[in-house]
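First the structure, in the form of structure tokens, and then the observations on it.
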Amino acid sequence: MIAFDVRHYDRIGSTNDEAQRLAGEGARHGTVVHADEQTAGRGRLSRRWLSPPGNLYLSIVLRPDVPVARNAEIGFLAGLAVADAVDALLPRPVATLKWPNDVLVNDGKIAGILVEQSGDALVLGIGVDVLQAPTGVSYKVSTIVGCGGLATVDGARERVLAALSNWLEVWERDGFAPIRASWLARAHPVGTMLGVRLGERLVSGNFAGIDEDGGLLLDTAEGRSRIVAGDVMPA
Ligand code: BTN
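In terms of our numbering, the sequence shown opens at residue 1434 and continues consecutively.
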């Protein structure tokens, strides 16, 4: 188990920014920034991440013992960790995963993950909707409490960190293969028709898995596409 060093803030701009600042000062592997509220929370693809009190906002400084080229794998193991933590807080384990690293419950997004490089460290940002469903977003959302779960924000944080420590150990010991297999077992089944928004463009096709680097494989009318960034939606 990693000995996490949790630094708690009542209110902050973005926990990812603060974790990056600390990483720049040499913060060690396992340094955690947790805030009750963010005023400038951000999501993937430069989106805002609304961050009122009542949800979990966490960023972890990681200095994994693997080559930098494999950093993209962290998002997948983080998705598994958050799905495990969410399942442990719900009456029944029903969390699923959506590429690249959203965690869903009852088809609603319940958590988001944002991995950023910071010099020689990585910052893993995790937002989990515990009590407050974000408003004004274009996708369906779920919260732990709204799905019948029992959780405090601090309790959710402890579950997430314990599960993260477990999956990091698997990854550092056995590599990406078991992470990829476990991720695929909880994601949209191979063959599912998916639409992927790539900026202004929408690409549709059948989900054909993820490759060794975590790229999304889609069988389209034009053949197999490999996608590295985009938003997946059911087609
Ligand atoms: C996504 O777009 O799905 C990723 C959302 C990531 C949000 C978390 S909340 C804690 C951390 N700080 C941020 O500013 N963003 C991440």
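The beta carbon of each residue, even a glycine, is placed where N, CA and C say it ideally should be.
Rounded separation between residue i and residue j - CA only
i	j	result
Ala1589	Leu1601	18 Å
Leu1522	Arg1592	8 Å
Pro1611	Arg1619	13 Å
Asp1450	Leu1617	31 Å
Ala1614	Met1666	21 Å
Ser1575	Ser1658	31 Å
Asn1599	Leu1510	10 Å
Leu1513	Arg1454	27 Å
Asn1639	Ala1516	24 Å
Ile1559	Ile1660	23 Å
Pro1486	Val1623	37 Å
Lys1531	Leu1537	7 Å
Buried or exposed (CB count within 10 angstroms, at least 16 for buried), residue i
i	result
Ser1484	buried
Asn1539	exposed
Gln1550	exposed
Ser1637	exposed
Ser1571	exposed
Trp1561	One detail in the question is off: residue 1561 reads as Val in this sequence, not Trp. Counting Cβ neighbours within 10 Å, Val1561 comes out buried, since at least 16 surround it.
Asp1535	buried
Gly1656	exposed
Pro1533	buried
Closer than 7 Å: residue i CB and nearest the ligand NAP heavy atom
i	result
Asp1553	Among the ligands modelled here, namely the ligand BTN, the ligand NAP does not occur.
Span of the alpha helix (DSSP H), counted from its first residue to its last, around residue i
i	result
Asn1396	Any question about residue 1396 goes unanswered here, given that the chain covers just 1434 to 1668.
Asp1438	Taken as a continuous stretch (DSSP letters only), Asp1438 belongs to no alpha helix (DSSP H), being part of the beta strand (DSSP E) at 1438–1445.
Leu1522	1506–1522
Closest by C-alpha distance to residue i, when choosing among the options
i	options	result
Ala1528	His1621, Leu1651, Gly1642, Gly1628	His1621
Phe1437	Ala1473, Leu1491, Leu1478	Leu1491
Arg1461	Ile1660, Ser1637, Ala1554, Arg1613	Ala1554
Arg1525	Val1578, Ala1566, Pro1497	Val1578
Arg1503	Glu1605, Gly1632, Ser1479	Glu1605
Gly1569	Arg1480, His1441, Ala1452	Arg1480
Met1626	Arg1444, Tyr1442, Asp1652	Asp1652
Arg1475	Asp1607, Gly1582, Thr1448, Tyr1572	Thr1448
Tyr1442	Met1434, Glu1458, Gly1459, Leu1489	Leu1489
Gly1663	Gly1647, Ala1654, Gly1656	Gly1647
Arg1630	Gly1624, Gly1642, Leu1649, Ala1641	Leu1649
Gly1565	Trp1482, Asp1644, Gly1558	The sequence given here places Gln at residue 1565; Gly does not occur at that position. If we check each option's Cα against that of Gln1565, Trp1482 comes out closest.
Ala1654	Glu1633, Thr1464, Gly1628	Gly1628
Arg1477	Gly1632, Ala1595, Val1466, Gly1459	Gly1632
Asp1469	Gly1446, Glu1458, Gly1463	Gly1446
Per-residue DSSP class, three states only, for residue i
i	result
Asp1535	strand
Gly1628	strand
Leu1555	strand
Ala1610	helix
Ala1502	helix
Arg1480	coil
Asn1488	coil
Ser1658	strand
Ala1589	helix
Leu1617	helix
Val1623	coil
Val1527	coil
Gly1638	strand
Gly1545	strand
Leu1495	strand
First and last residue of the uninterrupted beta strand (DSSP E) at residue i
i	result
Thr1653	1649–1653
Val1563	No beta strand (DSSP E) holds Val1563; DSSP gives it neither H nor E.
Ala1584	It is not in any beta strand (DSSP E) - Ala1584 carries neither H nor E in the DSSP assignment.
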